[in-house]
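Note that the sequence shown covers residues 14 to 97 in the numbering used here. For every residue, glycine included, the Cβ atom is placed at its ideal position computed from N, Cα and C. Note that the structure is a prediction, hence the values are computed from the model and not measured. To start, the structure itself, in structure tokens.
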Amino acid sequence: MFLDQGMALMEKIAVSIKNAAPEQRNHFLKSTLILFDVAMEALKESPEFREAFAKVHMEFLNYPEYANQVIAKSIKAYDNYKNG
Numbered sequence: 014m015f016l017d018q019g020m021a022l023m024e025k026i027a028v029s030i031k032n033a034a035p036e037q038r039n040h041f042l043k044s045t046l047i048l049f050d051v052a053m054e055a056l057k058e059s060p061e062f063r064e065a066f067a068k069v070h071m072e073f074l075n076y077p078e079y080a081n082q083v084i085a086k087s088i089k090a091y092d093n094y095k096n097g
């Protein structure tokens, strides 16, 4: 029951964010950026977090229908950056 309520709440929140006014969505995006900063600090400070982060990315590479596209775009972006 608790899981069902939690899932319903998450769906309601996600729909609310999707349908929010631009200023509200901007506030959500700023909050998300703060969480990214926290995650970056965790990468620097926590071996356990780095391990979990690496595991997620290694798992992603098991799905070549997506990974190949991401890797190809990453290489192209790096080449564009390197060549100015």
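Sub-9 Å separation of residue i and residue j beta-carbons
i   : j   : result
R63 : L56 : yes
A52 : F41 : no
R38 : I26 : no
DSSP-derived helix/strand/coil call for residue i
i    : result
L74  : coil
A33  : coil
N103 : Outside the displayed span of the chain (14 to 97) sits residue 103, for which this structure offers no information.
C-alpha distance - residue i paired with residue j, whole-angstrom precision
i   : j   : result
D94 : A80 : According to the sequence shown, residue 94 is Tyr rather than Asp. Roughly 21 Å between the two C-alpha positions.
S59 : K68 : 14 Å
D92 : A21 : 44 Å
L48 : V83 : 23 Å
Y76 : S87 : 16 Å
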